[in-house]
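Numbering (the numbering used here), first residue to last: 655 to 809. Cβ coordinates follow ideal geometry from the N, Cα and C atoms, glycine included. In this text, all values refer to a predicted model and were calculated from it rather than measured experimentally. See structure below.
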Amino acid sequence: MTDYNFQPIGRVINQPEEAFFAIQLDPPFAPGLQRLDEYSHVYVIWLLNASADAKETPHVLCHPPYPDAGEVGVFACRSPRRPNPIGLTLTEIVRADPSTGLLQVTWLDAFDGTPVLDLKPYIPASDRVQAARTPAWMAGWPEWYQTGKSPSQSN
655 MTDYNFQPIG RVINQPEEAF FAIQLDPPFA PGLQRLDEYS HVYVIWLLNA
705 SADAKETPHV LCHPPYPDAG EVGVFACRSP RRPNPIGLTL TEIVRADPST
755 GLLQVTWLDA FDGTPVLDLK PYIPASDRVQ AARTPAWMAG WPEWYQTGKS
805 PSQSN
């Protein structure tokens, strides 16, 4: 198996007390934001570097923190204890500035300073699922999060 080395393209700015969430791209990558704001949403791919759980041995089975979840495979949950410490967030774009490298978004579930590995625009034709299903233990979750609110605020 081949080992891969990833170069972060920037860092997360997470200031929830000020309701400010952004990604500051490193200067060589700032021009890559050109026309990203023509999209409404972006996937942020980030490194789970600050989570204590992510630094422990990955689990193949885990117990999500929901009363009826029981035991599930690591690929059936969002546990930070994964074979590769990679996080993924889909968020709404507020502003993308290629001159400064600042991408402001409505919300990010990554810690301040978290390395960002990549950004990919949300494209409904390839990313939207018409008849998605989830397990019964997620029945209390909303159909989607309200714009500009974190999951803990949306209920």
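Exposed unless 16 or more other CB atoms sit within 10 angstroms - verdict on residue i
i: R732; result: exposed
i: V714; result: exposed
i: F674; result: exposed
i: R782; result: exposed
i: I777; result: exposed
i: N668; result: buried
i: A786; result: exposed
i: R689; result: exposed
i: A764; result: buried
i: E797; result: exposed
Expected contact under 8 angstroms - CB spacing of residue i and residue j to nearest Å
i: G767; j: V666; result: 7 angstroms
i: L744; j: Y697; result: 5 angstroms
i: L701; j: L771; result: 6 angstroms
i: V769; j: P662; result: Position check: residue 769 holds Pro in this sequence, whereas Val was assumed. With 8 angstroms as the limit, P769 and P662 qualify as a contact, their Cβ atoms being about 4 angstroms apart.
Enclosing beta strand (DSSP E) for residue i [first to last residue]
i: P769; result: 769-775
i: R665; result: 664-669
i: F674; result: 674-679
i: Q758; result: 756-759
Limits of the unbroken alpha helix (DSSP H) element including residue i
i: A779; result: 778-781
*Please list the segments of the alpha helix (DSSP H) lying wholly inside the region 695-749, counting only runs of 4 or more residues, in order along the chain.*
706-709, all fully within the region 695-749.
_Contact between the region 747-762 and the region 673-687 is defined here as three or more beta-carbon pairs at a separation below 8 angstroms; is this criterion met?_
The answer is yes - the region 673-687 touches the region 747-762, with three or more Cβ pairs under 8 angstroms.
_Segment contact, 8 angstroms Cβ cut-off, at least three pairs: the region 775-792 with the region 719-728_ = A contact exists between the region 775-792 and the region 719-728.
*Any 3 or more C-beta pairs closer than 8 angstroms across the region 682-694 and the region 726-742*: No, the region 682-694 does not touch the region 726-742.
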